[in-house]
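The listed protein sequences correspond, in order, to chains A and B. Sequential numbering from 39 applies to the first sequence in my numbering. Sequential numbering from 39 applies to the second sequence in my numbering. Glycine included, every Cβ here is placed at the ideal spot set by N, Cα and C. All values derive from a computational prediction rather than experimental measurement.
There are 2 protein chains.
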Amino acid sequence: MTRVKNINTWLTHLTQESKTSLSVDCVIFGYDEEGLKVLLIDCNMPPYEGKKSLLGDLVQMNETLEDAVIRVLQRRTTLTDLYFEEVKAYSDPNRHPLGRVVTIAYYSFIKISDYKIHDSEDKHLEWIPINDIDELAFDHRLILDESYKSLKKKIRNHPIGFTLLPEKFTLMQLQNFYETVLQIKMDRRNFRRKLNSLDLLIDLNEIQNNVSHRPAKLYSFDFKKYNKLMEKGLLNFTI
Amino acid sequence: MTRVKNINTWLTHLTQESKTSLSVDCVIFGYDEEGLKVLLIDCNMPPYEGKKSLLGDLVQMNETLEDAVIRVLQRRTTLTDLYFEEVKAYSDPNRHPLGRVVTIAYYSFIKISDYKIHDSEDKHLEWIPINDIDELAFDHRLILDESYKSLKKKIRNHPIGFTLLPEKFTLMQLQNFYETVLQIKMDRRNFRRKLNSLDLLIDLNEIQNNVSHRPAKLYSFDFKKYNKLMEKGLLNFTI
DNA sequence: TCAAAAGTGTTCAGCGTACACCCATGC
DNA sequence: GCATGGGTGTACGCTGAACACTTTTGA
Numbered sequence: 039m040t041r042v043k044n045i046n047t048w049l050t051h052l053t054q055e056s057k058t059s060l061s062v063d064c065v066i067f068g069y070d071e072e073g074l075k076v077l078l079i080d081c082n083m084p085p086y087e088g089k090k091s092l093l094g095d096l097v098q099m100n101e102t103l104e105d106a107v108i109r110v111l112q113r114r115t116t117l118t119d120l121y122f123e124e125v126k127a128y129s130d131p132n133r134h135p136l137g138r139v140v141t142i143a144y145y146s147f148i149k150i151s152d153y154k155i156h157d158s159e160d161k162h163l164e165w166i167p168i169n170d171i172d173e174l175a176f177d178h179r180l181i182l183d184e185s186y187k188s189l190k191k192k193i194r195n196h197p198i199g200f201t202l203l204p205e206k207f208t209l210m211q212l213q214n215f216y217e218t219v220l221q222i223k224m225d226r227r228n229f230r231r232k233l234n235s236l237d238l239l240i241d242l243n244e245i246q247n248n249v250s251h252r253p254a255k256l257y258s259f260d261f262k263k264y265n266k267l268m269e270k271g272l273l274n275f276t277i
Numbered sequence: 039m040t041r042v043k044n045i046n047t048w049l050t051h052l053t054q055e056s057k058t059s060l061s062v063d064c065v066i067f068g069y070d071e072e073g074l075k076v077l078l079i080d081c082n083m084p085p086y087e088g089k090k091s092l093l094g095d096l097v098q099m100n101e102t103l104e105d106a107v108i109r110v111l112q113r114r115t116t117l118t119d120l121y122f123e124e125v126k127a128y129s130d131p132n133r134h135p136l137g138r139v140v141t142i143a144y145y146s147f148i149k150i151s152d153y154k155i156h157d158s159e160d161k162h163l164e165w166i167p168i169n170d171i172d173e174l175a176f177d178h179r180l181i182l183d184e185s186y187k188s189l190k191k192k193i194r195n196h197p198i199g200f201t202l203l204p205e206k207f208t209l210m211q212l213q214n215f216y217e218t219v220l221q222i223k224m225d226r227r228n229f230r231r232k233l234n235s236l237d238l239l240i241d242l243n244e245i246q247n248n249v250s251h252r253p254a255k256l257y258s259f260d261f262k263k264y265n266k267l268m269e270k271g272l273l274n275f276t277i
């Protein structure tokens with residue numbers, strides 16, 4: 039009987055020559071008062087000198103891809119509750135000048151003020167506003183575009199935004215967040231009704247002060263209630 | 039200046055010891071009159087002898103992941119317009135008994151009658167009804183579950199179903215397809231109205247014959263119209 | 001004439017969308 | 001008092017969901 043040797047059926051060892059380098063690349067989205075930005079680093083690898091690239095690294099032998107992403111993210115931040123999502127694998131044999139490197143792309147989304155810059159490499163790091171990014175090294179522009187598309191989809195059905203705002207926020211700050219990230223305009227009255235109907239905001243009975251206009255009420259997000267409702271599968275969170 | 043060596047910034051070569059085996063695994067969903075099935079193969083690799091596994095293979099040096107998927111699918115079918123979607127990467131260092139194998143999971147969905155069994159390996163191949171599948175080799179049960187979830191989501195927004203039915207089909211056949219794949223019941227009148235309102239079915243002015251009940255009208259799907267509308271981005275296909 | 005599936009309409013509730021005016025504060 | 005953003009309500013159209021009876025055919 040001829041039998042095709044196959045990784046899932048019958049094989050006795052893995053050969054060196056079929057192995058490949060594997061990396062993770064992370065589109066780190068950041069949000070602050072100025073808007074939506076992406077953390078990029080200078081690439082000095084020919085032929086991409088002068089271009090910026092995403093943060094990423096080779097995956098080590100004893101870690102999962104998720105471990106590698108956490109490593110990439112934590113090299114630069116002290117945050118522990120990191121949020122990230124897998125986007126897609128990129129495997130063009132010619133995508134990397136050093137040879138074959140398959141990369142799995144992830145995106146993360148953090149509050150820029152929580153981000154700690156802390157090693158000598160950091161001078162090559164920069165938060166670039168999403169709309170100011172032009173060409174990137176490797177296929178990173180493509181990765182960025184597909185990640186951003188994926189983020190925009192995700193953010194309308196998951197309360198990612200609430201961890202990126204100050205603990206106490208106004209409805210206008212919240213709406214600005216969605217408008218900035220989604221790059222659309224929303225109707226103020228409809229937005230407020232929508233958020234109220236979700237019944238997940240805690241009215242703190244506090245107001246802004248020192249603003250030269252009518253002060254807005256402050257809210258916080260009821261993560262406990264959200265988690266409880268999601269566990270029971272009985273919440274349709276859509277914005 | 040200390041500088042972290044990094045795949046995206048500054049590195050002169052790729053070392054052997056950081057390389058890993060890479061595979062693709064494909065959840066091949068199939069549909070026929072009997073329902074939704076998955077193509078599985080016997081696994082003879084310790085410690086999984088006697089279990090079934092998904093179809094997959096190691097990725098070769100000069101192919102993309104998509105090339106590898108097509109190779110896996112075409113080893114067993116003569117179809118050219120293969121449909122497949124990436125699901126997720128699985129990278130637990132202990133997921134494979136031969137050593138570290140990172141796998142990228144894909145699902146495909148085909149008409150079982152189009153599928154050609156054609157080599158000696160095939161006697162180990164079987165279409166198993168989705169609800170009859172128990173444990174699988176490796177982490178393939180997890181991969182199957184996550185792929186099925188992903189398929190169910192996809193199928194409500196993309197006309198995948200229409201390639202899996204006979205060219206001429208009745209509305210009941212179409213509804214059965216959705217009910218079977220989604221494992222839900224749908225209201226007949228609402229379903230028919232929905233499909234009519236999409237205005238993508240071609241009324242063939244033909245009816246079933248030799249059925250011992252009122253014969254149903256036959257339809258086909260207007261792929262041309264669908265593609266045209268989708269290009270213009272002006273169709274919200276949801277079932 | 002019976003069994004079996006085909007075919008058909010209406011009502012209701014919820015949700016997204018569009019839209020304009022008065023209010024509270026600091027300067 | 002004026003500039004600035006905060007706060008509010010209504011009307012309409014679309015869509016999903018629930019629900020029962022008549023029609024056509026073969027046996």
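- Annotation: the continuous beta strand (DSSP E) that includes Ala-127/A extends over 122-128.
- The three-state reading of DSSP puts Ile-108/B in helix, counting H, G and I together.
- Assigned with DSSP and collapsed to three states, Leu-273/B falls in coil, not helix or strand.
- The straight-line gap separating the alpha-carbon atoms of Gly-271/A and Glu-184/A is approximately 28 Å.
- For Asp-260/B, no Cβ of chain A is located within less than 7 Å of the residue's own Cβ.
- A direct Cα-to-Cα measurement between Tyr-186/B and Leu-233/B gives close to 24 Å.
- By the neighbour-count criterion, in which 16 or more other beta carbons inside 10 Å mark a residue as buried, Phe-261/A falls on the exposed side.
- Assigned with DSSP and collapsed to three states, Leu-136/A falls in coil, not helix or strand.
- Sequence-distant partners of Gly-199/A (beyond 5 residues in either direction) whose C-beta falls short of 6 Å from its own C-beta, in its chain, are Phe-215.
- Membership of Val-76/B in the beta strand (DSSP E) is indicated by the continuous run 73-80.
- With 16 or more other Cβ atoms inside 10 Å of its own Cβ, Thr-47/B counts as buried.
- Beyond the five residues adjoining it in sequence on each side, Leu-60/B comes within less than 6 Å, by CB distance, of Val-97 and Val-140 in the same chain, given in chain order.
- Per DSSP, the beta-bridge partners of Tyr-257/B are Phe-207/B and Asp-241/B.
- Taken through DSSP and simplified to helix, strand or coil, Lys-154/A comes out as coil.
- Contact between Val-76/A and Ile-171/A holds: their C-beta atoms lie close to 6 Å from each other, under 8 Å.
- Per the DSSP secondary-structure output, Pro-167/B pairs in a beta bridge with Lys-75/B.
- Within chain B, the residues placing a beta-carbon under 9 Å from that of Gly-94/A are Asn-44, Ile-45 and Asn-46, ordered along the chain.
- With respect to Leu-242/A, Lys-191/A sits apart: the two C-beta atoms are not nearer than 7 Å.
- When secondary structure is reduced to three states using DSSP, Ile-45/B falls in the coil class, being assigned neither helix nor strand.
- Boundaries of the alpha helix (DSSP H) harbouring Tyr-186/B: 178-193, taken from the DSSP string.
- In terms of Cα proximity to Ile-66/B, the closest of Gln-54/B, Gly-88/B and Leu-92/B is Leu-92/B.
- Within chain A, the residues Glu-55, Ser-56, Thr-58, Pro-131 and Arg-138 have their CB atoms less than 8 Å from the CB of Met-99/B, given in chain order.
- As computed with DSSP, Ile-148/A is found in a beta bridge with Gly-68/A.
- Against chain A, a Cβ distance below 9 Å from Ser-151/B picks out nothing, because the smallest value is about 24 Å.
- The shortest C-alpha to C-alpha distance from Leu-209/B to any of Ser-188/B, Arg-179/B and Ile-245/B is the one to Ile-245/B.
- With respect to the 7 Å criterion, Gln-211/B and Leu-203/B are classified as neighbours on the basis of their beta carbons.
- DSSP links Ala-143/A through a beta bridge to Asp-63/A and Lys-126/A.
- Any Cβ of chain B closer than 7 Å to the Cβ of Ile-168/A would place that residue at the interface, and such an atom is absent.
- Below the 8 Å Cβ cutoff, chain B contributes Thr-47 as neighbours of Asp-80/A, in chain order.
- Counting C-beta atoms within 10 angstroms of its own C-beta, Ile-222/B has fewer than 16 neighbours from the protein chains shown and is therefore classed as exposed.
- Beta-bridge pairing by DSSP links Asp-95/B to Val-62/B.
- For the pair Glu-55/B and Thr-102/B, the Cα-to-Cα distance works out to about 22 Å.
- In this chain, the alpha helix (DSSP H) harbouring Asn-234/B covers 226-236.
- In this model, Arg-133/B and Ile-166/B are separated by some 23 Å (Cα to Cα).
- Rounded to whole angstroms, Arg-252/A and Asp-119/A show a C-alpha spacing of 36 Å.
- In the structure shown, Thr-218/B falls within a helical segment according to DSSP collapsed to helix, strand and coil.
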